[in-house]
Amino acid sequence: MFNVILFGPPGSGKGTQAARLVDQYGLLHISTGDLFRAEMGNNTPLGRQAKDYIEKGELVPDEVTVGMLENRIDEFPNVPGYLLDGFPRTVAQAEALVGLLRARDQEVGALIALDVEEQELISRLLLRGQSSGRSDDQDESIIRNRLSVYRQETEPVYNFFNARGQAFTVNGMGSVEEIFSRLSRQVDTLKK
Ligand code: B4P
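For my numbering, add 2 to where a residue sits in the sequence shown, where the first one is 1.
Structural data, given as structure tokens:
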């Protein structure tokens, strides 16, 4: 199994690139953002709980997020690997991930971070907000809060995996195709 974490700030292209990477490598795409939006769309108790946080640009509490991720992994035990998109977003989530994979005789293969300039992130998210209906993409102050939460709570996850020799960075500026070819080269090198 080859399990990859696709990492980066909101708007860095994680969801966009994850869709291509799963096609290329046959991995199972697990996006915690997509899972929360599906729960919100179905108005489930979990969705109602997540909505309050997401609409403010805050992170959903770790115990809720980790439980949802673990259920998803256990639904699909026999895949060539998982592509984690938007998870882990805190060091506590990273520790939980390592533990839950170890309990299943698995491990994280690598974390690949997309590096994108802040102004570009804001432009991409505002542009998506015009068509997606996502309230967290429509208000620049909420976007700025997401970026500040990212710097404070999520960036340390990079250091957590870097200390284990498992973190890599790819330039996330440019066209979707250019970025995909950089990412594929990185994955191919790691899989060798
Ligand atoms: P996510 O759904 O993960 O939201 P995101 O970070 O905004 O999406 P992503 O980064 O994948 O978007 P992309 O760049 O592909 O999370 C939403 C919320 O859910 C979080 O704020 C949080 O509240 C909650 N949540 C999720 N996971 C959690 C966790 N683990 N713990 C706690 N809370 C959690 O796309 C952005 C736009 O850029 C798109 O319109 C795309 O078309 C465009 N784009 C992409 N690549 C481009 C390029 N190269 N050039 C131009 N535009 C590009």
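Cβ atoms here follow ideal geometry from the backbone N, Cα and C, with glycine treated the same way.
query	result
Rounded separation between E142 and I124 - CA only	7 Å
Within-8 Å CB hit, L99 to chain C	No chain C appears in this structure, which consists of one protein chain only.
Identity of the residue in F89, P63 and V62 nearest I75 by Cα	F89
Three-state class that DSSP yields for L30 in the structure shown	strand
K16 Cβ short of 7 Å to the ligand B4P heavy atom set	yes
Identity of the residues DSSP links to L128 by a beta bridge	DSSP lists no partner for L128.
Proximity to E77 [Cα-Cα], best of E97, I32 and N45	I32
G15 and G174 closer than 8 Å at C-beta	yes
Q95 beta carbon near the ligand B4P (any heavy atom closer than 7 Å)	yes
Separation of F4 from L102, as counted between CA atoms	15 Å
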